[in-house]
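If you read the sequence shown in my numbering, its first letter stands for residue 1, the second for the next number, and so on.
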Amino acid sequence: MFSLNYLLCILAFLMGAIPFSVIIGKAFFGVDVRKSGSGNPGATNTLRVLGTKAGLAVLLLDTGKGIAAVQLFRLMHPINSWSDTEMAVLPGACSILGHMYSPFLRFKGGKGVATSTGVLFALSPIIGLIITAIFALMLILKGYVSLASIVCAAIYPIIVYIFTGLHEPIHLIFACLLALMIIFKHRSNIERLLSHTETKFKLSKKSV
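Structure representation (structure tokens):
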């Protein structure tokens, strides 16, 4: 059982590590998104550099990595056993780490927001919807993807606590660590936000 769990976590890490932004950029545009825009291999930079369709494709694929990691783990275990949210957190966390520190990109990667969103939805659709609604509201009000991501990361542990209390300690610990990781990955964005030099979000007119 434990060897299977380790194998699934390794698989989740490798799934999360797949750099869809780099793959799509090079395969369809001959562009490495790491060398354009902000240089971040994520959905937002892909959208700015390659256009809306490419950006949405990367967003869906990166989100799918998080969902797939959790759901695969649940499918491989019997109901009311390791399929519970507490244990499903582990492969979800591995997929996020894979995205952030991809071995396919020399252990560099994106900021983990899209993959984290997939994990959140897989663990708890209600919490996922709440976080997505807060993200959308912040984006509409302020216009910064980075700020919306940071706010959602900070609020996530609070929402988990409201819904689960201390009944799911691993889930709560995961939420706290994820918040710290995402905020850490956005440290350059925080500097630009404080200096009023951060770029606001806008849909690109480019298309595939």
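Positions of the beta carbon are idealized from the N, C-alpha and C atoms, including for glycine.
Beta-carbon proximity of residue i to residue j, cut-off 8 Å
i: GLY25; j: LYS65; result: no
i: ILE96; j: LEU178; result: yes
i: THR197; j: ALA114; result: no
i: LYS111; j: SER102; result: no
i: PHE104; j: LEU61; result: no
i: PRO157; j: LEU172; result: yes
i: VAL151; j: ILE140; result: no
i: LEU4; j: MET76; result: yes
With 16 other Cβ atoms within 10 Å as the buried cut-off, status of residue i
i: PRO91; result: buried
i: LYS35; result: exposed
i: LYS200; result: exposed
i: ALA12; result: buried
i: PRO169; result: exposed
i: ILE162; result: exposed
i: PRO125; result: exposed
i: SER195; result: exposed
i: SER207; result: For SER207, the pLDDT reaches just 47, beneath the cut-off of 50, and the residue's location in the model is therefore unreliable, leaving the point undetermined.
i: HIS167; result: exposed
Cβ-Cβ separation, residue j to residue i (assumed contact under 8 Å), whole Å
i: VAL209; j: ALA175; result: The requested residue 209 is not part of the displayed model; the chain covers only 1 to 208.
i: LEU59; j: ALA43; result: 4 Å
i: VAL31; j: LEU50; result: 6 Å
i: THR85; j: LEU123; result: 5 Å
i: GLY37; j: HIS99; result: Between HIS99 and GLY37 the Cβ distance is about 18 Å, and since that is not below 8 Å, they are no contact.
Residue of the options minimising C-alpha distance to residue i
i: LYS202; options: THR52, VAL33, PHE28, SER21; result: THR52
i: ALA153; options: ILE126, GLU168, MET181, ILE140; result: MET181
i: ILE155; options: LEU120, ILE170, LEU4, PHE73; result: LEU120
i: GLU191; options: SER146, ILE140, ILE158; result: SER146
i: CYS94; options: LEU14, ILE140, GLY37, PRO157; result: LEU14
i: ASN40; options: VAL22, PHE28, LEU75; result: VAL22
i: ILE67; options: ALA57, VAL89, LEU56; result: VAL89
- Length-filtered (4 minimum) alpha helix (DSSP H) runs lying within the segment 83 to 113: Listed in chain order, they are 85 to 100.
- Item | Uninterrupted alpha helix (DSSP H) stretches inside the segment 14 to 65 (no shorter than 4 residues) | 20 to 24, 43 to 50
- In the segment 115 to 183, which residue ranges form an unbroken beta strand (DSSP E) of at least 3 residues, counting only runs that do not cross its ends? none
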